[in-house]
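Visitor: Going by the UniProt record's numbering, 989 is the number at position 989 of the sequence shown; the sequence numbering is gapless.
Every residue gets a Cβ at the ideal spot worked out from N, C-alpha and C, and that includes glycine.
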Amino acid sequence: MLTGRMSSGGAMSKEFVDLVKGIGEAKSKAEEDAIVVGEIAQLKAKMAERGVTPVRMRELLLRMLYVEMLGHDASFGHIHAVKMCHGTKLGEKRVGYLAVSICLHPEHELMLLLVNTLQNDLKSSNQLEVAMALIIVIRLVNKELLRALLPLVVKAVDHAQPNVRKKAVAALHRCHQINPAAIEEYLPKVQRVLCDKDPSVMGAVLPFLHDLALADPGPLKSIVPSLVSILKQVVEHRLPRDYDYRRLPAPWIQIKLIQVLGNIGVGDKAASQGMYELLLDVMKRADTGINIGYAVIYECVRTATRIYPNVALLDEAAKCVSRFITSEYHNRKYLGIDALASIVRIDTKYATEHQLVVIDCLDSQDETLRRKTLDLLFQMSNAHNVVVIVENMIRFLTAPGSDVFLRTSLVNRIAQLAEQFAPNPTWYLDTFNLLFEVCGDLVPYELAHNIFRLLSSREQDDELAGYAVKTYAAKLHNWTAVAESHHDHLARVIAFVLGEFASGERVDGPEGEQQVMHDLCRLLDLVDDREGVTRAWILAALVKCVARRTAPVSQQVFAALDRYQKSVSVDLQQRSHELFTLCQMSTSLLGKVVPPLQSFRSSQIDAKLSFLDGYVSKARAAGARPYERPEPVAEDASAGGDHLNFTPYAPGLPLRSFARGADTIAQAALASPPSTAPAEDPVASDGGLRLSGVTRKWGPGGFQAVSATSSAAPPKPPPAEHQVRPGSPESRPAEATSVVSPTRPQPPKAATQEVSEKEKRAALLFGGASARASSVRSEFNAPAQPRPPTPLKADVSPPKPKQADSIVDLLDLGLISVPGSLSGRLPPASASSSLPDLLQALDFSTASPPIGSVFTPALEAAPHAAWHGWLMSHARAPSMDALIGSSARLQCSGLTVLDDNATLYAVIIRNVSASPVQQVPVQVASPSGLPLSVERWSGPALNAGQPARPATVLPSIAVGERELCVVRVSGASFEPGRGHRLQITVDDVSAVVDLPFHHFLRPLPLVTEQFGRLWQRGEFASGEVRSQARALAATAASLSATLAGVNVQVVQTINQETIASSKVLVAGAAEPVPVLVHIRQGPASTDVCVRCPQRALSECVAPCVSNALSN
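Here it is as structure tokens:
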């Protein structure tokens, strides 16, 4: 039938029909290739003939396309396709453009031959020729052709035919993707296309606006009313019925409009307020029970979670999610899990309503559904459910058939959760050990380095070091016993830990030391290490084990060293020779050659290279020329050296006149420099926390107060003895999977019914929300109060004060965990509450650093007695202190220590002479007149308990080997950027020491509600100071670590906003002064707002935080 129709029609020749028929009837790939090769030979011969008619050439090009589509090279016919584009008949142009669009690419050398043809067709009065040329622009335009074709494409936007206007808008979108700077001047014209009378043209501009809003939503905020009006008209069936699909009006236009609104309204309350009512209406109208309606609802839910939050809109979105996640169809469950993960970022309470369904999805046979459920669990992780969530992630990680991309993503997420929410250090180590064993090739080396930092910073923690040594020694012995080795990362971690911490008392005496060294020697031969890096780690561990040994070195160690002294690696040869020499030294001498482990410290980077100032000054004095920074080379847009000139020749003009005219035209075409105007910050410019316009803010419950007429009394906070705190025995790994405290009272008899295994898992993951899970919930989990309906347009009034304390933790899904010293101690924020009352309710004791955050011992708070012992032991090993001055007899170095109530500066005086130095005076003064005191901590105490004064003198002391004097500075000055300056004189050694301001800051542990109450106080608002830092792309973990470096504790991070708190030690003040910090990350800069009852302190803290963020 196909043959007869084509033959009778005369459109195609018999050869073409036989080609299609022969390929269709081919029995094998070889037979098909033979037919195609014969066809290629025929096409080459026939295309090269003279006098081929356009009709015949059109058929040959179609046959060439057929050959190209079968995967064979037909580049010999590409030039004929370009020639066909120059034809005058519409059918010829159509085939030529079709062949060009399929066979060529934007950077093809033949594209230059199409420039003149495309220009002529874009100017044509035939709408079909213009449309075909625009299609080629969309598919094949490049940066060079853009300058020649862009003015004609812009002109086509105003064409009379909607089909041409639609393709012109798509061509402009493509031009913007290639060179955004070239389209900037035409963006107002693009925005006006929204008002085109043809709906198809309006729909074509929406993808362009979507990309613009993703890049910079600021310039598009003015069109939000227009977008809302268009979406309202679409929803109300104002468009022709031709755009309906399954009785839903223009669903794809609705989806794209909703996406554009979501991108524009991110974090902008003013822009979002006009969207609330319409989004709610769209969700209700789209709920028709068909798939395309679910797609519209899903986009509404995503947009509701991206724009500025609205309670009523989020509640309606949660109802829609309920229908998705409870559906029996997996595709709708996918949408439900994704949408629920988006809502959980705003408020975690919505996840508890579907906890059992989430458990079912986690155990589903559908791998995609399990992946999406893991994404949801990652979003709702907190300190209470992190153990269970990580266990599920590791179980999925070890499942057969998991692809590399998923495994890598899970490894990074597990590491992030362990860094942020680890209940104790032992669980942290066990989790990373399991990661190394399961998928060591996917674990980045930085994670192993985090273990080194944790152990070195907690060197004084014998329990943690002993646990690590026993764990890794057992793993190493098992490996060597079965002649098995794991990934290099774990082998390096084992070598590091055993080399640094495997002392005799931790490995059961000399026999244990010998066993560790024997196992390390066997591991040298087991590792598959072609580059020798891991073996170098093992040899370094053997060096430290040999230096610490209490028994002679065994012959097995010497045998291993003998083998690797002949290694092809020069590094291993050198290490083996060095170790062989060390084995023959005495133990006392080895202790001096091999230093003990020193804690990791942050390197201080001198960006201005000030240590070279002396060298530069000498060179300048000798006649050297000063350094001149080279001027940036600006590209001349009018220079045509590297650009092509697409201006057609002007007929009838002399050559000289043409050249001048062409230059003028080229300069005019390039006279649109990119805009350098700063991007508008999409966030409102008020700079403060938005605590007065939202009923529920920053987490479950927020400031939502219990109605005064409610008869139900709020639950009382739990007793301190019933709270599980990090690091306590109740939070050990063996009990980490249970949320029930062993000392908790028994639940009521009414809740003694049997609990299923699924509900137990739900209680562990969600904190429990169902009645049957109440027996495994913590008794101090307060029930959620019903929310009153919230108007969509009107601003939400400020919340009423609660009648009783119910401390709400932002990160908590169900279990409320706050420091015991804070629970129940913050009075209600009533009008009569004074600032001293609020401050007195806060516990100003410094909390211990969280697991995963590493503080250097020089900056870690500890009791006075602990510091005394630590400094005395440190004075014998000068490795962390900084030299401040020296003379022929004495050498003085200093070390800063942060105590709870003061900043200590330890002055270590070492005798470098051969005999004791008698009658050494020590004097410390404060140029700014702040009181300080000096005490002698070595030998008999001197000046202990003396009052503080601006200058103090320690009675003359005798320096034998070393002396330790401590300067206690009780508080900071009010000079911005400077904490305190000390002038220290020891005998004939004088030095000036500057203590930075953040050395007088201490972390202040607060929960979100406490932060909010203090933030709204008038005393804090009057001391507000703002500053800016450079734009950041920081994660919550990295931002928390940066602020911890200046002793500011993060309270919570949501999206681009972070709240943090600290306290300042002020000289003469009875209590530290609290400081509240709000940080907002914007596209151009990071805004920092600091509030404190004393503005002078805010002026000191603001630059301190800004500099930390910028550096």
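Output needed for Met-393: all residues of its chain with C-beta closer than 7 Å, excluding positions within five of it in sequence on either side, in chain order.
Guide: In the sequence shown, the residue the question calls residue 393 occupies position 393. These residues qualify, in order along the chain: Leu-374, Leu-410, Arg-413 and Ile-414.
Visitor: Which ranges would you report for the alpha helix (DSSP H) in the stretch 321-408 if only whole runs of at least 4 residues count?
Guide: The qualifying runs are 330-344, 349-352, 355-362, 367-379 and 386-397.
Visitor: Quick check: the stretch 128-135 against the stretch 88-97, are there 3 or more CB pairs under 8 Å?
Guide: The stretch 128-135 is in contact with the stretch 88-97.
Visitor: I believe Val-924 touches Ile-984 by the beta-carbon criterion, under 8 Å. Please report the beta-carbon distance rounded to the nearest angstrom.
Guide: Here residue 924 refers to the residue found at position 924 when the sequence shown is read from its first residue. Here residue 984 refers to the residue found at position 984 when the sequence shown is read from its first residue. That pair is a contact at about 5 Å.
Visitor: Mapping the DSSP letters down to three states, classify His-1078 as helix, strand or coil.
Guide: To locate residue 1078, count along the sequence shown from 1; it is residue 1078. Here His-1078 sits in strand by DSSP.
Visitor: Please name the residue in Val-164, Ser-200, Ser-933 and Glu-1099 whose C-alpha comes closest to that of Ser-124.
Guide: What you label residue 124 is simply residue 124 of the sequence shown in a count that begins at 1. Of Val-164, Ser-200, Ser-933 and Glu-1099, the residue nearest in Cα terms is Val-164.
Visitor: Output the residue ranges of the alpha helix (DSSP H) runs that lie fully inside the stretch 89-125 and measure 4 residues or longer, sorted by chain position.
Guide: As far as the stretch 89-125 is concerned, its whole alpha helix (DSSP H) runs of at least 4 residues are 90-103 and 115-122.
Visitor: Three-state secondary structure (DSSP) at Thr-53?
Guide: As a first step, residue 53 must be located in the sequence shown, where it is residue number 53. DSSP places Thr-53 in coil when its eight states are reduced to three.
Visitor: From this set, Leu-335, Leu-149 and Asp-196, which residue's C-alpha is nearest Ser-183's C-alpha?
Guide: In the sequence shown, residue 183 corresponds to position 183, counting from 1. The question names Ser, yet the displayed sequence has Ile at residue 183. Taking only the C-alpha atoms, the option nearest Ile-183 is Leu-149.
Visitor: Rounded to whole angstroms, what is the Cα-Cα separation between Ser-338 and Thr-326?
Guide: Indexing the sequence shown from 1 puts residue 338 at position 338. Indexing the sequence shown from 1 puts residue 326 at position 326. According to the sequence shown, residue 338 is Asp rather than Ser. Looking at the two C-alpha atoms, the distance is approximately 13 Å.
Visitor: So what does DSSP say about Gln-273, is it helix, strand or coil?
Guide: Against the sequence shown, residue 273 aligns to sequence position 273. If DSSP states are grouped into helix, strand and coil, Gln-273 belongs with the helices.
Visitor: From Val-992 to Gly-894, what distance separates their C-alpha atoms?
Guide: Start at 1 with the first residue of the sequence shown, and residue 992 comes out as number 992. Start at 1 with the first residue of the sequence shown, and residue 894 comes out as number 894. Approximately 11 Å between the Cα atoms of the pair.
Visitor: Report the residue from Ile-258, Glu-25, Ile-35 and Asp-525 whose alpha carbon sits nearest the alpha carbon of Ala-483.
Guide: If you number the sequence shown from 1, residue 483 lands on position 483. The candidate whose alpha carbon is nearest that of Ala-483 is Asp-525.
Visitor: Between which two residues does the beta strand (DSSP E) carrying Leu-19 extend?
Guide: As a first step, residue 19 must be located in the sequence shown, where it is residue number 19. Segment 14-24 is the alpha helix (DSSP H) holding Leu-19; no beta strand (DSSP E) there.
Visitor: Given a cut-off of 9 Å, decide if Met-47 and Gly-77 are closer than it, judged by their beta-carbon atoms.
Guide: One-based indexing of the sequence shown puts residue 77 at position 77. One-based indexing of the sequence shown puts residue 47 at position 47. In this structure, Met-47 lies closer than 9 Å to Gly-77 by Cβ.
Visitor: How is the alpha helix (DSSP H) around Leu-454 delimited, first residue to last?
Guide: As a first step, residue 454 must be located in the sequence shown, where it is residue number 454. From DSSP, the alpha helix (DSSP H) with Leu-454 extends over 445-457.
Visitor: Less than 9 Å between the C-beta atoms of Val-205 and Val-228, yes or no?
Guide: Mapped onto the sequence shown, residue 205 falls at position 205. Mapped onto the sequence shown, residue 228 falls at position 228. Cβ atoms of Val-205 and Val-228: not closer than 9 Å.
Visitor: Give the DSSP bridge partners of Tyr-627, in chain order.
Guide: To locate residue 627, count along the sequence shown from 1; it is residue 627. Answer by DSSP bridge pairing: none, since Tyr-627 is not bridged.
Visitor: For Thr-303, report the span of its alpha helix (DSSP H) as first-last.
Guide: Here residue 303 refers to the residue found at position 303 of the sequence shown. Start and end: 291-306.
Visitor: Go ahead and label Phe-501 buried or exposed: buried means 16 or more other beta carbons lie within 10 angstroms of its beta carbon, across all protein chains shown.
Guide: Here residue 501 refers to the residue found at position 501 of the sequence shown. Result: buried.
Visitor: In whole angstroms, what is the alpha-carbon distance linking Asn-424 and Lys-618?
Guide: To locate residue 424, count along the sequence shown from 1; it is residue 424. To locate residue 618, count along the sequence shown from 1; it is residue 618. Their backbone Cα atoms lie some 55 Å apart in a straight line.
Visitor: Counting along the chain, where does the alpha helix (DSSP H) carrying Lys-232 start and finish?
Guide: The count along the sequence shown starts at 1 and reaches residue 232 at position 232. Looking at the DSSP string, the run of the alpha helix (DSSP H) that includes Lys-232 is 224-235.
Visitor: With distances taken between CB atoms, is the gap from Arg-889 to Val-917 smaller than 9 Å?
Guide: Taking the sequence shown and counting its residues from 1, the one referred to as residue 889 is at position 889. Taking the sequence shown and counting its residues from 1, the one referred to as residue 917 is at position 917. Contact: yes.
Visitor: Can you give the beta carbon distance from Gln-565 to Phe-580, rounded, assuming they're within the 8 Å contact cut?
Guide: Stepping through the sequence shown from its first residue, residue 565 is reached at position 565. Stepping through the sequence shown from its first residue, residue 580 is reached at position 580. Confirmed, Cβ separation roughly 7 Å.
Visitor: What is the DSSP secondary structure of Arg-1095, counted as helix, strand or coil?
Guide: Within the sequence shown, the letter at position 1095 stands for residue 1095. The answer is helix: DSSP assigns Arg-1095 an H, G or I state.
Visitor: When the Cα atoms are used, what is the spatial distance from Thr-53 to Leu-248?
Guide: One-based indexing of the sequence shown puts residue 53 at position 53. One-based indexing of the sequence shown puts residue 248 at position 248. Approximately 51 Å between the Cα atoms of the pair.
Visitor: Contact defined as beta carbons within less than 8 Å: I believe Ser-1061 pairs with Val-1051. What is the distance between those atoms, to the nearest angstrom?
Guide: Locating residue 1061 in the sequence shown gives position 1061, counting from the first residue. Locating residue 1051 in the sequence shown gives position 1051, counting from the first residue. That belief holds up - the Cβ atoms of Ser-1061 and Val-1051 are roughly 6 Å apart, short of 8 Å.
Visitor: So the candidates are Ala-383, Leu-429, Gln-379 and Arg-371; which of them puts its Cα closest to the Cα of Arg-407?
Guide: Numbered from its first residue, the sequence shown carries residue 407 at position 407. The candidate whose alpha carbon is nearest that of Arg-407 is Arg-371.
Visitor: For Ser-272, is the classification buried or exposed, using 16 other Cβ atoms within 10 angstroms of its Cβ as the cut-off for buried?
Guide: Locating residue 272 in the sequence shown gives position 272, counting from the first residue. Buried, since its Cβ has 16 or more Cβ neighbours within 10 Å.
Visitor: Could you check what DSSP says for Pro-207 in three-state terms: helix, strand or coil?
Guide: As a first step, residue 207 is located in the sequence shown; it is residue number 207 there, counting from the start. Pro-207: helix per DSSP, three-state reduction.
Visitor: Taking 6 Å as the limit between beta carbons, can you name the residues of its chain near Arg-1030, skipping five residues before and five after?
Guide: In the sequence shown, residue 1030 corresponds to position 1030, counting from 1. Only Ser-1110 meet the Cβ criterion.
Visitor: According to the Cβ coordinates, are Ile-264 and Val-224 closer than 9 Å?
Guide: Translated into positions along the sequence shown, residue 264 becomes position 264. Translated into positions along the sequence shown, residue 224 becomes position 224. Yes, these two residues count as a Cβ contact at 9 Å.
Visitor: Do Leu-464 and Asp-519 have their beta-carbon atoms positioned less than 9 Å apart in this structure?
Guide: For this step, residue 519 is matched to residue 519 along the sequence shown. For this step, residue 464 is matched to residue 464 along the sequence shown. Contact: no.
Visitor: Assign Asp-441 to buried or exposed, taking buried as 16 or more other Cβ atoms, counted over all protein chains shown, within 10 Å of its Cβ.
Guide: Counted from its first residue, the sequence shown places residue 441 at position 441. Exposed, by the Cβ-count rule.
Visitor: Which term fits Asp-994, buried or exposed, when burial requires 16 or more other beta carbons within 10 angstroms of its beta carbon?
Guide: Taking the first residue of the sequence shown as 1, we reach residue 994 at position 994. Looking at its Cβ environment, which holds fewer than 16 other Cβ atoms inside 10 Å, Asp-994 is exposed.
Visitor: Could you tell me which residues DSSP puts in a beta bridge with Lys-1063?
Guide: In the sequence shown, counting from the first residue as 1, residue 1063 sits at position 1063. Lys-1063 is bridged to Arg-1002 and Pro-1074.
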